[in-house]
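First residue of the sequence shown? That's 16 in this note's numbering, and the numbers climb one at a time after it.
Even glycine gets a Cβ: it sits at the ideal position worked out from N, Cα and C.
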Amino acid sequence: MPAKGDLDPSTVADPNGKRNRKTNILCEPQMDVPEGHILLSGDLEHDSIVNGPGLRAVLWTQGCRQRCPGCQNPETWTETEAGALVTIDKVKEELRALKGQSGITYCGGEPLLQAKALLEITKFCHEELGWNVWSFTGLIYEQIPRDSDAWKLVEELDALIDGPFIMSQRDLTLKFRGSRNQRILHLDHGKIVSEE
Ligand code: SF4
């Protein structure tokens, strides 16, 4: 979890269960992308060993509202001016053509901003390719609204690496993540089964 001093107090969950405005805008409303499409910030990668276990495909999504100081991919922040709009069918076709991968990781940008498209891709990866599916998010797991499209995606993931990049907690020795506040959460239907 982020150190107390690094968190904006307005992002802390309301103990009365009310929806948190600042947290919500990080994933709601979802990005305005045409049905059946996804906005990507880069080409599909494969054979990656730095974004999760085994050889993995990596899908880079466009759009992020988090604005972390020190972000390495600020060009991914805009939701309309950059990125490549591609059909989900095209993504599936490219994934199907890959050989020797054991999983896929969603990077960004903020993947949870395009949760509907990624939910479809996740189900495809599970059911047709037999891959495990990980995603990064700048949100904190506990603060993702449970009635959102973002949460529906989380419930399908095998692991979520959560939390914003925090420069004061940067650690180059960490596996698969950039700052110490970020956690690798192994999930089963959205429930945390273990944590690294
Ligand atoms: S969540 Fe990730 S992409 Fe978004 S600003 Fe932070 S480091 Fe950059």
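- request: Look at the Cβ atom of residue 81, then the Cβ atom of residue 125, and state whether they are nearer than 8 Å.
  value: Contact: yes.
- request: Could you have a look at residue 141 and say whether DSSP puts it in helix, strand or coil?
  value: Residue 141 falls in the helix class under three-state DSSP.
Residue list, Cβ distance to the ligand SF4 heavy atoms smaller than 6 Å: Those residues are 79, 81, 82, 83, 86, 88, 91, 123, 124, 125, 153, 179 and 180, given in chain order.
query: On the three-pair Cβ rule with 8 Å, is the stretch 144-155 touching the stretch 173-183?
result: Judged by Cβ distances under 8 Å, the stretch 144-155 makes contact with the stretch 173-183, as three or more pairs qualify.
- prompt: Hey, quick one: how far does the beta strand (DSSP E) through residue 202 stretch, first residue to last?
  reply: That run of the beta strand (DSSP E) goes 198-203.
task: Per DSSP, which residues does residue 69 bridge with? Please list them.
output: For residue 69, DSSP assigns no beta-bridge partner whatsoever.
task: Return the first residue and the last residue of the beta strand (DSSP E) that residue 103 is part of.
output: Per DSSP, residue 103 lies in no beta strand (DSSP E); the unbroken alpha helix (DSSP H) holding it starts and ends at 103-112.
Of the residues 55, 48 and 115, the one placed nearest residue 62, counting alpha carbons only: Shortest Cα-Cα distance from residue 62 to any of 55, 48 and 115 involves 115.
- request: Would you be able to state if there are at least three C-beta pairs under 8 Å between the stretch 64-78 and the stretch 108-123?
  value: Yes: the two stretches touch, three or more of their Cβ pairs being nearer than 8 Å.
query: Taking the Cβ atom as the reference point for each residue, do residue 195 and residue 184 lie within a distance shorter than 8 Å?
result: The Cβ atoms of residue 195 and residue 184 lie closer than 8 Å to each other.
field: Cβ distance (whole Å) where residue 48 is taken to contact residue 132 below 8 Å
entry: Confirmed, Cβ separation roughly 7 Å.
task: Inspect the beta-carbon positions of residue 100 and residue 128 and report whether they are closer than 8 Å.
output: No, the Cβ-Cβ distance between residue 100 and residue 128 is not below 8 Å.
query: What residue range is occupied by the uninterrupted alpha helix (DSSP H) comprising residue 164?
result: Here the alpha helix (DSSP H) through residue 164 covers 164-169.
Reference residue 85; option with closest CA among 40, 103, 162 and 181: Considering only 40, 103, 162 and 181, the residue with the shortest C-alpha distance to residue 85 is 181.
query: beta strand (DSSP E) containing residue 97: first to last residue?
result: DSSP places residue 97 in no beta strand (DSSP E); its state is neither H nor E.
- prompt: Hey, residue 121 and residue 76 are a contact pair by Cβ (cut 8 Å); roughly how many whole angstroms apart?
  reply: The pair is a contact, with the Cβ atoms about 6 Å apart (cut-off 8 Å).
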